[in-house]
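For the sequence shown, UniProt numbering assigns the number 462 to the initial residue and increments by one for each residue that follows.
All residues carry an ideal CB built from backbone N, CA and C; glycine is no exception.
Read through the structure below, which is laid out as structure tokens, and then see the notes.
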Amino acid sequence: KASGRGCYSIFGPHMDALVRERAEIERDLRDALSDYSQFEVLYQPKYFAATGAIGSVEALVRWHHPTRGLISPAYFIPIAEEAGLIRELGRFVLKEACRAAAAWPIANVAVNISAVQLRDEGFAMEVMAVLAATGLAPQKLEIEVTETAWMDSFDSCVANIRALRAAGICIALDDFGTGFSTFGRLHETEVDHIKIDKMFVEGLGKNRGDEAIIQAIVELARAKGLKTTAEGVETEEQNAFLTQIGCDELQGFLFAKPMRRADVADLLSKTGWK
Ligand code: C2E
Ligand code: CA
Ligand code: CA
Ligand code: CA
């Protein structure tokens, strides 16, 4: 055992701990999905740049782990995808979000959908069933997808997207510009919005390249008749630049952080209620 064979140095104590942690997280995730009580859906508003009104609110899932505390979705969503648990988790978030939005007199709700879900043949039907069950109009639902989703199973993804759009649901291409979403194989007529990743927004004022990229994305979108949303807006300078170049919607900590459902209702009653 202690002979120091090559494979032991690669899969040494550190690697072993990582593998064990990964297995524990997967097991705990499976357990947590038996009653969903450890999951919470927070909502982050997106504002129309031109009017300052809230156009929609993005659902972002949180996992309150009993011993590890709050775990980021950036960490556990990929694990859920690999472990075959994302359908269940995704269905929970979709139901929660639609139920919440059905009680808001204005503002759409945007839900992040994993590539794995979008590939399922019955996905569009499932969404329609959730809308029917919660009483939310399809026009009030937006679905955010990344282009990674389209690479492996382009045909089934497009079939789902077309069915959803035919029903009146908006599709946003998320993380645009990061290399995963670039109109590679996707035809621009299949989506309604593009969402500029916060990576570029972060570079505004620091990196001239990012200014040029964002400007190019907004111009491209306008030429194709698509709306643009910028995420991760944290400063007044970023806000001013994005508004000036004609970005349609803005989202970020400058305006609002992800918040509880009850706080969204309060906020809507103060600002966007008509
Ligand atoms: P995303 O869809 O690109 O969401 C944007 C992330 O940026 C969110 O992180 C949000 O809280 C954060 N953010 C918003 N404004 C700011 C800002 O001004 N500054 C900074 N630094 N960050 C900001 P979060 O909630 O941790 O989610 C991370 C990722 O996890 C999301 O990225 C999304 O890909 C995924 N995710 C979250 N909820 C779900 C879900 O229900 N289903 C699926 N499939 N994925 C989800
Ligand atoms: Ca178990
Ligand atoms: Ca998103
Ligand atoms: Ca992003």
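Identity of the residue in Thr650, Ala701 and Glu710 nearest leucine 665 by Cα: Ala701
Asparagine 569 beta carbon near ligand 3 (any heavy atom closer than 6 Å): no
Where arginine 669 falls: helix, strand or coil (DSSP): helix
8 Å CB neighbourhood of arginine 626 in its chain, flanking five on each side removed: Ile632, Glu651 and Asp653
In DSSP terms, what valine 572 is bridged to: Ala520 and Ile604
Cβ-Cβ separation, glutamate 663 to lysine 507 (assumed contact under 8 Å), whole Å: Contact doesn't hold; Cβ gap of about 18 Å is too wide.
Of the listed residues Ala563, Gly583, Pro527 and Arg721, nearest to alanine 493 (C-alpha basis): Pro527
Supposed contact pair glutamate 692 and glycine 713 - C-beta distance, whole angstroms, cut 8 Å: 6 Å
Ranges of the alpha helix (DSSP H) found wholly within the segment 500–554, counting only runs of at least 4: 534–543
Simplified DSSP state of alanine 558, which is helix, strand or coil: helix
Opposing strand residues paired with histidine 475 [DSSP bridges]: Answer is none; histidine 475 lacks a bridge partner.
Test item: CB-CB of threonine 607 and aspartate 581 under 7 Å: no
Proximity to aspartate 671 [Cα-Cα], best of Ile538, Thr639 and Tyr536: Thr639
Own chain, CB closer than 6 Å to asparagine 573, minus 5 neighbours either side, in chain order: Glu605
Contact with chain B by isoleucine 655, beta-carbon distance below 7 Å: Looking for chain B here will not work: only one protein chain is present.
Closer than 5 Å to ligand 4: residues, by C-beta to nearest heavy atom, in chain order: Asp636 and Asp658
Where asparagine 569 falls, given that 16 or more other Cβ within 10 Å makes a residue buried: buried
Classification of arginine 529 by the beta-carbon crowding that lies within 10 angstroms, buried from 16 upward: exposed
Sequence-distant residues of its chain with Cβ nearer than 6 Å to isoleucine 706 (five each side left out): Gln676 and Val679
Beta strand (DSSP E) segment containing threonine 732, residue limits: Element bounds for threonine 732: n/a, residue is neither H nor E.
Three-pair Cβ contact test at 8 Å for the segment 475–482 versus the segment 681–690: no
Cβ-heavy atom distance, glutamate 557 to ligand 3, below 6 Å: no
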